[in-house]
Every structure is written in structure tokens, then in C-alpha cells.
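Numbering-wise (this note's numbering), the sequence shown opens with residue 58 and increments by one.
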Amino acid sequence: MQKIISGLLCLVLLLCLSGCERVPFTGRNRAALIPESQLIQLGDQSYREVLQESKTSNDPEKNAMVRCVGARLSMAVESFASEHNLKDELKLYKWEFNLLQNDKVINAFCLPGGKVAVYTGILPITEDETGLAVVVGHEIAHAIAQHGNERMSQQLLLQLGSVVLSEVIKNNPQQTKQIFMAAYGVGAELGVVLPYSRTQESEADRIGLILMSRAGYDVEAAIPFWQRMKEKGGTTPPEFLSTHPAPDTRIKDIKKDIPEAKTYYQSQQK
58 MQKIISGLLC LVLLLCLSGC ERVPFTGRNR AALIPESQLI QLGDQSYREV LQESKTSNDP
118 EKNAMVRCVG ARLSMAVESF ASEHNLKDEL KLYKWEFNLL QNDKVINAFC LPGGKVAVYT
178 GILPITEDET GLAVVVGHEI AHAIAQHGNE RMSQQLLLQL GSVVLSEVIK NNPQQTKQIF
238 MAAYGVGAEL GVVLPYSRTQ ESEADRIGLI LMSRAGYDVE AAIPFWQRMK EKGGTTPPEF
298 LSTHPAPDTR IKDIKKDIPE AKTYYQSQQK
């Protein structure tokens with residue numbers, strides 16, 4: 058028992074000491090122990106597999122909407138990074154946005170490196186381009202804040218007991234891949250997820266709103282979107298809600314974040 062307690066204390070200490078990096082936009086210290094370059098490589102591999110195993114939508118209007126939202130939000134991220142000397146954080150990002158044809162899957166995700174996928178099942182809830190920007194902005198926020206890195210770091214340390222996580226990834230590729238997919242919500246429709254913490258969720262909402270506003274979208278649209286998501290949830294919440302907190306709590310917090318987000322607003326020429 059003493060060894061277990063000592064091990065847990067060492068884990069907590071390592072996670073605290075590793076939190077020397079700060080999350081863009083919020084300034085929170087984050088405990089991300091895995092080299093981001095390795096996660097970006099994993100992200101690209103996983104994204105290719107998803108695209109191979111899934112059917113992409115052939116609807117030109119919906120595809121154009123996804124690409125438009127992606128272009129505006131990624132430009133917002135890049136411009137913010139440039140203005141705040143954070144370009145190194147995104148130097149390996151190569152943005153991609155794809156719409157996957159599956160009306161039964163209500164989900165979207167963004168992998169390290171800017172690899173974004175949206176399932177057609179979420180479009181009836183987003184309703185329009187601005188509603189889609191709520192979802193994509195939120196998922197991009199998780200990626201640039203390295204929330205998945207934090208979750209993977211904690212999970213790998215707990216399961217494998219090693220602090221040299223770069224070596225763990227090399228020596229345990231299959232287990233690492235499974236944890237990666239769960240950490241980034243790629244397997245949400247299969248019930249394989251590592252839920253985000255309340256802090257991470259709130260942070261992604263806040264950053265997502267800022268990105269929306271900077272991209273020229275109306276952040277007030279986030280409130281009716283989450284209300285629609287709540288109504289859709291019922292007794293069997295969709296995949297997108299499986300890693301997210303209660304809609305009522307989220308809506309309350311978003312209302313508090315909207316004034317700050319509006320200060321970042323930049324009009325866009327469509």
C-alpha cells in the first residue's frame with residue numbers, strides 16, 4: 058500500500074511539475090508530457106484510417122460549408138498565434154476539414170495537427186454555418202489547448218507507469234493508439250472515450266467562442282445550439298455529448314463567456 062501511495066504521489070508531482078506550459082487564450086498551466094510532434098504524427102495516421110474506413114459526403118453545399126467554417130476558424134487560430142508569438146505551437150499544423158457521411162453519428166473531432174472531421178449526423182442540430190462553427194470551434198479549441206495530450210499523459214502513466222512517455226509510445230504502439238483514439242473522441246460512436254475534465258470542457262467552450270468571434274461569427278448562436286443538443290439528447294445522449302457536461306451547466310457558463318468573446322470580433326467579407 059505504501060508503494061502505491063508513493064507512486065500516486067510521484068505521479069501527481071510529475072503532472073504538477075510538467076504544467077509549465079500555458080494554454081493559449083486562457084493562460085492555464087497544462088500537464089502535457091508527450092511531445093506534440095509525436096501526437097501530430099499519430100493524428101495524421103489515425104485521420105487517414107478514419108477517411109479510409111468512412112464514406113465522405115458528396116453533397117457539394119454541405120462540403121463547401123464545412124470547408125468555409127474550417128478556413129475561417131483556422132485563419133483565426135493562425136492570426137492569433139502570430140500576434141501573440143505562439144507560431145511555434147502551430148508550426149506542424151496542416152489543416153484539413155472533411156465531412157463524413159453518417160447520419161446516425163452525431164459527432165465531430167479535431168486531431169493534433171489540425172485534422173478535423175464532421176459527421177453529417179450533427180448537421181441537423183447545427184442547422185447552419187454559424188451553428189457548425191460552434192462545434193468546430195469547440196473541437197479545435199481542445200486540440201490547440203492540448204487537452205488530449207493531458208488525458209493521454211495521465212492515462213499512459215497510470216496504465217504503464219513510465220514517465221518517459223516518448224519511449225512508451227514507441228514500445229507500445231497498439232496500446233498507445235487505442236488510448237489516443239479514446240483521448241481524442243475518435244471512437245465516441247463505439248463507446249470508447251476518455252471524458253474531458255470539467256476544466257477542459259469549460260476551457261474549450263471559452264476558446265471556441267473566442268475563435269468564432271475572431272472569425273466573424275455570432276457567438277450568441279452557441280446558446281440555441283446547446284439547447285437543441287439538449288433536446289436531441291433525451292434519455293440516450295448522442296456521441297457528441299458522451300464526453301461533455303450537462304447542457305444546462307454549459308449554457309450557463311457560455312453566457313458568462315460571451316462578453317469576453319465579443320471583444321475579439323472581427324467582421325469577415327463573405
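All residues carry an ideal CB built from backbone N, CA and C; glycine is no exception.
Strand pairing of L149, partner residues [DSSP]: The residue you call residue 149 lines up with position 92 of the sequence shown. Answer is none; L149 lacks a bridge partner.
So what's A138 in DSSP terms, helix, strand or just coil? As a first step, residue 138 is located in the sequence shown; it is residue number 81 there, counting from the start. Three-state DSSP puts A138 in a helix.
By Cβ distance below 6 angstroms, which residues in the same chain neighbour A303 in space, the five residues on each side in sequence not counted? The residue labelled residue 303 in the question sits at position 246 within the sequence shown. Closer than 6 angstroms at Cβ, skipping near neighbours: no residue.
Taking 8 angstroms as the cut-off, does the segment 196 to 215 touch the segment 281 to 290 (at least 3 CB pairs, one atom from each stretch)? no
How long is the line joining the alpha carbons of K119 and F154, rounded to whole angstroms? For the purposes of this step, residue 119 is taken as residue 62 along the sequence shown, with counting starting at 1. For the purposes of this step, residue 154 is taken as residue 97 along the sequence shown, with counting starting at 1. If you take the alpha carbons of K119 and F154, they lie about 12 angstroms apart.
Classify T183: buried if its beta carbon has 16 or more other beta carbons within 10 angstroms, exposed otherwise. Residue numbering aside, residue 183 sits at position 126 when the sequence shown is read from its first letter. Buried, since its Cβ has 16 or more Cβ neighbours within 10 Å.
I need the straight-line Cα distance from N86 to A133, nearest angstrom please. Here the question's residue 86 lines up with position 29 in the sequence shown. Here the question's residue 133 lines up with position 76 in the sequence shown. Looking at the two C-alpha atoms, the distance is approximately 23 angstroms.
4 or more residues per run - each alpha helix (DSSP H) lying fully within the segment 140 to 206: Runs found: 180 to 183, 186 to 201.
Please state whether DSSP places R124 in a helix, a strand or coil. Here the question's residue 124 lines up with position 67 in the sequence shown. If DSSP states are grouped into helix, strand and coil, R124 belongs with the helices.
Tell me the DSSP bridge mates of E78? The sequence position of residue 78 within the sequence shown is 21, counting from 1. Per DSSP, R87.
Contacting residues, own chain, Cβ-Cβ under 7 angstroms from S156 (five flanking each side not counted): Taking the first residue of the sequence shown as position 1, residue 156 is located at position 99. According to the sequence as given, residue 156 is Leu; it is not Ser. T113, S114, K119, N120, V123, V175, T177, listed in sequence order.
With a CB to CB cut of under 7 angstroms and the five nearest residues on each side skipped, what residues in its chain are close to Y150? Working through the sequence shown from its first residue, we reach residue 150 at position 93. Contacts found: G170, G171.
Top-ranked residue by Cα proximity to A261, from I311, I280, P281: Translated into positions along the sequence shown, residue 261 becomes position 204. It is I311.
Under three-state DSSP, which class holds T330? Given a span of 58 to 327 for the chain in the structure shown, any question on residue 330 remains unanswerable.
Rounded to whole angstroms, what is the Cα-Cα separation between L168 and D101? As a working mapping, residue 168 is identified with position 111 in the sequence shown. As a working mapping, residue 101 is identified with position 44 in the sequence shown. Between L168 and D101, the C-alpha separation is close to 8 angstroms.
Proximity to I280 [Cα-Cα], best of R307, E93, I264, Q257: Within the sequence shown, numbered from 1, the residue matching residue 280 stands at position 223. Taking only the C-alpha atoms, the option nearest I280 is R307.
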